[in-house]
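Here is the structure we will look at.
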Amino acid sequence: MVKQIFILQFFILSLNVALAQEFLKMRDVNDFNIGDEFHFQSHKEEATVSQGPVTDELENILITGKTFSIAYDTVFYTQKLIHRIIRSGVLWDTIMIEQVYYTNLDRTTKDITGYQGSTPNLTDAKIFNGRIRNSFSDGDFNGSHGLEYSEGLGLTRSWGNYSGQGNSIEYKRDLVYFKKGGEEWGTRAPVIPQYPAVKNSSILIYPNPAHDRTTLVKEGMDNAVLILSDFQGHKILTDTFEGQIMTLPTGLLIPGIYFITIVGEAKADTAVLIIK
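Residue numbering for the sequence shown follows our numbering, starting at 3 and increasing by one per position.
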């Protein structure tokens, strides 16, 4: 009986290894690895009764981690997303570290031809290098026309327009840079700062980026309140900040961007804390 169980376990293990090898082989061309990088650039113009805003965006994505499920039917990627938005001359920067996943079924073999004669064939290797497409949509709803496809890890290119009731929107998003292993094409988007700047902050943070703990030094405020919040503005910690120096434990914080706000009697100040 023990021998039979051992044989069965060996068979299951061999089957899993075989499936894993087949899965890896199947994804050899379309798969992504740590260090792969993608840059996008988009432009949107909105026309209203009064002139609407113009929005330009840069998006840099870097693959920082990769693991497989136990059954090797799903691959998990960790990606660092740096996003810059310039809207009506106002600059916004965001950084996100998030995990995304794909199964071996997350792709389409549908051949996509030109859309309304205005766009190239999306399988044109000169433009897209024949990369994987995870999804495809083509719609005409309430006067809105658009076409979108995915380029691995949810990376998309789309273009379209909407016109109705005096409003119109023109939008286009392009993959401008692609780096996968030794393959590289396109033009890198302009360098994006590694963290959003908070100008004229009197708070000193070191080390920053932080790992297990960091030290805060404030100026001009004797007794104050410390507020730690995430990038979405959710409060994580509120504490009393007495004196000029404080040590803040950070070992339990997940990697990402955080804001430290110190509120005194006369003023409040904010600085950015990065957790790696």
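We treat Cβ as the ideally placed atom computed from N, Cα and C, and that holds for glycine. Since the model is a prediction, treat every value here as computed from it, not as a measurement.
For residue i, the first and last residue of its enclosing beta strand (DSSP E)
i           : result
serine 211  : Residue 211 is actually proline in this sequence, not serine. Run containing proline 211: none; DSSP gives neither H nor E here.
proline 257 : Counting along the chain, proline 257 falls outside any beta strand (DSSP E), and DSSP gives it neither H nor E.
serine 231  : 225 to 232
lysine 68   : 56 to 70
glycine 188 : 185 to 188
Coarse secondary structure for residue i, derived from DSSP in three states
i                : result
glutamate 267    : coil
proline 251      : strand
lysine 278       : coil
phenylalanine 34 : coil
glutamine 246    : coil
glutamate 221    : coil
alanine 191      : coil
alanine 73       : coil
isoleucine 87    : strand
serine 44        : strand
isoleucine 205   : coil
threonine 111    : Confidence at threonine 111 is low in this model, with a pLDDT of 38, below 50, so the placement of that residue is unreliable and no value is reported for it.
Contacts around residue i, its chain only, beta-carbon distance under 6 Å, and the 5 residues preceding and following it disregarded
i                : result
glycine 188      : Val178, Tyr179, Phe180
phenylalanine 70 : Val77
glutamate 39     : Leu64, Lys181
glycine 253      : Asp214
isoleucine 88    : Asp58
leucine 239      : Leu230
aspartate 241    : Leu228
glutamate 186    : none
leucine 255      : Ile277
Burial state of residue i, where buried means 16 or more other Cβ atoms lie within 10 Å
i                 : result
glutamate 153     : Note that glutamate 153 scores 44 on pLDDT, short of 50, meaning its location in the model is unreliable; the coordinates nonetheless yield the value given after this. Under this definition glutamate 153 is a buried residue.
aspartate 271     : buried
phenylalanine 269 : Rather than phenylalanine, the amino acid found at residue 269 in this sequence is lysine. So lysine 269 counts as exposed.
lysine 220        : buried
valine 228        : Here residue 228 is leucine; the residue named in the question, valine, does not match the sequence. With 16 or more other Cβ atoms within 10 Å, it is buried.
leucine 10        : For leucine 10, the predicted structure reports a pLDDT of 42, less than 50, and the residue's modelled location is therefore unreliable. The matter cannot be settled from this model.
glutamine 246     : exposed
isoleucine 259    : buried
alanine 212       : buried
isoleucine 264    : buried
8 Å CB neighbourhood of residue i in its chain, flanking five on each side removed
i             : result
threonine 249 : Arg215, Thr216, Thr217, Leu218
lysine 278    : Pro211, Ala212, His213, Pro257
Own chain, CB closer than 7 Å to residue i, minus 5 neighbours either side, in chain order
i              : result
glutamate 244  : Asn225
asparagine 210 : Thr216, Leu275, Ile276
isoleucine 36  : Ile65, Thr66, Gly67, Lys68
lysine 237     : Ile229, Ser231
The region 38 to 45 / the region 56 to 72 touching (three or more Cβ pairs under 8 Å): Enough Cβ pairs lie closer than 8 Å, so yes.
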